[in-house]
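Notes follow the structure.
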Amino acid sequence: MQLRYLFIVTAIIEAGTGLALGLSPSTPVAILVGASLDSPAGLVLARVAGAGLFSLGVACWSAREDVQSRAARGLVSALLFYNVAAVGVFVYAGMGLELTGIGLWPAVLLHTALAVWCLVCLRSTRAMDRMV
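Numbering-wise (the working numbering), the sequence shown opens with residue 1283 and increments by one.
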(Lines of atoms letter the chains of each structure in order from A and count residues from 1; the text may use other names and numbers.)
(Lines give C-alpha, C1' and ligand atoms only; values in the text may rest on other atoms or scores of the structure.)
Protein backbone atom coordinates (compact mmCIF):
# COMPACT_ATOMS: atom_id res chain seq x y z
CA MET A 1 0.00 0.00 0.00
CA GLN A 2 2.80 2.42 0.93
CA LEU A 3 4.54 1.77 -2.39
CA ARG A 4 1.33 2.51 -4.27
CA TYR A 5 1.14 5.94 -2.65
CA LEU A 6 4.81 6.61 -3.40
CA PHE A 7 4.10 5.93 -7.07
CA ILE A 8 1.00 8.15 -7.09
CA VAL A 9 2.71 11.08 -5.35
CA THR A 10 5.79 10.80 -7.56
CA ALA A 11 3.67 10.55 -10.70
CA ILE A 12 1.79 13.74 -9.88
CA ILE A 13 4.89 15.72 -8.90
CA GLU A 14 7.16 14.61 -11.74
CA ALA A 15 4.55 14.65 -14.50
CA GLY A 16 3.52 18.14 -13.41
CA THR A 17 7.10 19.35 -13.33
CA GLY A 18 7.76 17.71 -16.68
CA LEU A 19 4.76 19.43 -18.25
CA ALA A 20 5.87 22.77 -16.83
CA LEU A 21 9.39 22.32 -18.22
CA GLY A 22 8.03 21.22 -21.57
CA LEU A 23 5.54 24.05 -21.99
CA SER A 24 7.31 26.97 -20.34
CA PRO A 25 10.81 25.97 -19.25
CA SER A 26 11.85 29.43 -18.09
CA THR A 27 9.24 29.50 -15.32
CA PRO A 28 10.21 26.37 -13.36
CA VAL A 29 13.91 27.17 -13.84
CA ALA A 30 13.39 30.66 -12.41
CA ILE A 31 11.44 29.21 -9.47
CA LEU A 32 14.08 26.58 -8.73
CA VAL A 33 17.33 28.46 -9.23
CA GLY A 34 16.35 32.09 -9.73
CA ALA A 35 17.99 32.25 -13.15
CA SER A 36 16.78 32.57 -16.71
CA LEU A 37 17.32 30.32 -19.68
CA ASP A 38 19.06 32.68 -22.06
CA SER A 39 20.09 30.35 -24.86
CA PRO A 40 18.14 28.17 -27.26
CA ALA A 41 20.32 25.24 -26.14
CA GLY A 42 19.22 25.74 -22.53
CA LEU A 43 15.57 25.78 -23.60
CA VAL A 44 16.02 22.59 -25.62
CA LEU A 45 17.75 20.78 -22.75
CA ALA A 46 15.11 21.94 -20.26
CA ARG A 47 12.37 20.60 -22.54
CA VAL A 48 14.18 17.27 -22.91
CA ALA A 49 14.48 17.10 -19.11
CA GLY A 50 10.77 17.87 -18.94
CA ALA A 51 10.00 14.99 -21.28
CA GLY A 52 12.10 12.69 -19.09
CA LEU A 53 10.32 13.79 -15.92
CA PHE A 54 6.93 13.41 -17.58
CA SER A 55 7.95 9.90 -18.68
CA LEU A 56 8.97 9.09 -15.10
CA GLY A 57 5.55 10.27 -13.97
CA VAL A 58 3.84 8.04 -16.54
CA ALA A 59 5.92 5.05 -15.41
CA CYS A 60 5.02 5.65 -11.77
CA TRP A 61 1.34 6.09 -12.58
CA SER A 62 1.36 2.87 -14.59
CA ALA A 63 3.09 0.96 -11.77
CA ARG A 64 0.73 2.09 -9.01
CA GLU A 65 -1.44 -1.04 -9.36
CA ASP A 66 1.48 -3.46 -9.77
CA VAL A 67 3.51 -2.92 -6.62
CA GLN A 68 4.41 -6.59 -6.10
CA SER A 69 6.45 -6.99 -9.29
CA ARG A 70 10.22 -6.94 -9.70
CA ALA A 71 9.75 -4.10 -12.16
CA ALA A 72 8.13 -2.02 -9.41
CA ARG A 73 11.11 -2.66 -7.15
CA GLY A 74 13.43 -1.64 -9.99
CA LEU A 75 11.43 1.54 -10.47
CA VAL A 76 11.76 2.38 -6.77
CA SER A 77 15.52 1.82 -7.00
CA ALA A 78 15.66 4.22 -9.96
CA LEU A 79 13.55 6.74 -8.04
CA LEU A 80 15.92 6.48 -5.09
CA PHE A 81 18.91 7.25 -7.32
CA TYR A 82 17.05 10.11 -9.03
CA ASN A 83 15.96 11.72 -5.76
CA VAL A 84 19.43 11.47 -4.19
CA ALA A 85 20.97 12.93 -7.36
CA ALA A 86 18.40 15.74 -7.41
CA VAL A 87 19.24 16.60 -3.80
CA GLY A 88 22.95 16.66 -4.62
CA VAL A 89 22.53 18.84 -7.70
CA PHE A 90 20.17 21.27 -5.96
CA VAL A 91 22.40 21.58 -2.88
CA TYR A 92 25.38 22.25 -5.16
CA ALA A 93 23.33 24.84 -7.06
CA GLY A 94 22.46 26.62 -3.85
CA MET A 95 25.70 26.33 -1.92
CA GLY A 96 28.37 25.93 -4.60
CA LEU A 97 26.95 28.10 -7.36
CA GLU A 98 25.03 30.41 -5.03
CA LEU A 99 21.89 30.18 -7.13
CA THR A 100 18.75 31.21 -5.31
CA GLY A 101 15.18 30.54 -6.22
CA ILE A 102 12.13 30.46 -4.02
CA GLY A 103 11.64 26.76 -4.80
CA LEU A 104 15.23 25.55 -4.42
CA TRP A 105 15.31 24.56 -0.75
CA PRO A 106 11.72 23.25 -0.74
CA ALA A 107 12.77 21.05 -3.68
CA VAL A 108 15.74 19.79 -1.65
CA LEU A 109 13.40 18.91 1.23
CA LEU A 110 10.88 17.27 -1.11
CA HIS A 111 13.48 15.11 -2.86
CA THR A 112 15.07 14.19 0.48
CA ALA A 113 11.69 13.05 1.79
CA LEU A 114 11.01 11.09 -1.40
CA ALA A 115 14.43 9.42 -1.17
CA VAL A 116 13.73 8.36 2.42
CA TRP A 117 10.31 7.07 1.35
CA CYS A 118 11.98 5.05 -1.42
CA LEU A 119 14.41 3.54 1.10
CA VAL A 120 11.57 2.59 3.43
CA CYS A 121 9.66 0.96 0.57
CA LEU A 122 12.72 -0.96 -0.62
CA ARG A 123 13.47 -2.22 2.88
CA SER A 124 9.88 -3.32 3.46
CA THR A 125 9.66 -5.16 0.12
CA ARG A 126 12.95 -6.95 0.85
CA ALA A 127 11.72 -7.90 4.31
CA MET A 128 8.52 -9.30 2.81
CA ASP A 129 10.56 -11.30 0.28
CA ARG A 130 12.52 -12.92 3.12
CA MET A 131 9.30 -13.98 4.86
CA VAL A 132 8.00 -15.79 1.77
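Glycine included, C-beta positions come from ideal geometry on N, C-alpha and C.
By the C-beta criterion, the stretch 1310 to 1329 is judged not to be in contact with the stretch 1341 to 1359, since fewer than 3 inter-stretch pairs fall below 8 Å.
In this structure, residue 1404 places its C-beta atom within 7 Å of the C-beta atom of residue 1358. The beta-carbon distance between residue 1336 and residue 1297, rounded to whole angstroms, is 5 Å. This is short enough to meet the 8 Å contact definition.
Contact between the stretch 1323 to 1338 and the stretch 1294 to 1311 is present: three or more C-beta pairs spanning the two stretches fall below 8 Å. Rounded to the nearest whole angstrom, the C-alpha separation of residue 1374 and residue 1383 is 13 Å. The three-state secondary structure of residue 1383, taken from DSSP, is coil. Ranked by Cα distance from residue 1290, the first of 1334, 1380, 1361 is 1361. By the C-beta density criterion, residue 1363 is exposed, having fewer than 16 other C-beta atoms within 10 angstroms. As the crow flies, the alpha-carbon of residue 1395 is around 22 Å from that of residue 1344. When C-alpha distances from residue 1393 are compared across 1369, 1303, 1288, the shortest belongs to 1369. In the displayed model, residue 1349 falls within coil according to three-state DSSP, outside both helix and strand. Counting the other Cβ atoms within 10 Å of the Cβ of residue 1311 gives 16 or more, which makes it buried. With a 10 Å radius around the Cβ and a threshold of 16 neighbouring Cβ atoms, residue 1387 comes out exposed.
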